[in-house]
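Using UniProt numbering, you'd call the opening residue of the sequence shown number 1 and step up by one each time.
Right, one structure below, let's go through it.
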Amino acid sequence: MLALACSSPCVVGVRAKTPELHHSKDRAPGKSAPAAGYEPEEFYVMVDMQSGFIKDDEQGTKLGDAFLTIANQIYVNPDSFYVNPSLLVLKTTTRSDALRVLKVVVKMPGVARCRLEDREYYASDFHDSDSDSDDSLEEQQPSEEL
Numbered sequence: 001m002l003a004l005a006c007s008s009p010c011v012v013g014v015r016a017k018t019p020e021l022h023h024s025k026d027r028a029p030g031k032s033a034p035a036a037g038y039e040p041e042e043f044y045v046m047v048d049m050q051s052g053f054i055k056d057d058e059q060g061t062k063l064g065d066a067f068l069t070i071a072n073q074i075y076v077n078p079d080s081f082y083v084n085p086s087l088l089v090l091k092t093t094t095r096s097d098a099l100r101v102l103k104v105v106v107k108m109p110g111v112a113r114c115r116l117e118d119r120e121y122y123a124s125d126f127h128d129s130d131s132d133s134d135d136s137l138e139e140q141q142p143s144e145e146l
């Protein structure tokens, strides 16, 4: 089991530059190759699980595999995945990929909330009629009844 380790207090969801380039086998279908010298950004979807939902490492690994499968089904190839008993972390190189994964994962059983950058998302933030566009993930204003 791989745990997310920080030598100093972690700043969650901060974009960081990385020198690695991704090869064609690591890209989702239909995505073009990165330009020479391009350094992709990193976006982390933090998935907070309900307390006690993950009982052991084996169950956590299976859940992590399930989340990776979902990410790949919506054509997002995550760079890495970390699992501990209450947190799953999915790293992508584009914000739009992170938002697409977040929108699906936040509705999964056992998920308490998801975090991306400095925002928290809950299943109740999304409706089945929402489109897959990033605009549907913008801050939603509560509706007032007349």
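Where a beta carbon is used, it is the ideal one built from N, C-alpha and C, also for glycine.
Thr94 carries a coil assignment under DSSP once its states are collapsed to helix, strand and coil. Excluding its 5 nearest sequence neighbours in each direction, Val76 has C-beta neighbours in its own chain below 7 Å: Ala28, Thr92, Asp97, Arg100 and Val101, listed in chain order. Residues Met49 of the same chain have their beta carbon placed closer than 6 Å to that of Ser86, with the five preceding and five following residues left out of the count. In the three-state reduction of the DSSP assignment, Asp125 falls in the helix class. For Val104, the closest C-alpha among the options Phe43, Ile70, Gly60 and Lys62 is that of Ile70. For Gly110, the number of other beta carbons within 10 angstroms of its own is below 16, and it is reported as exposed.
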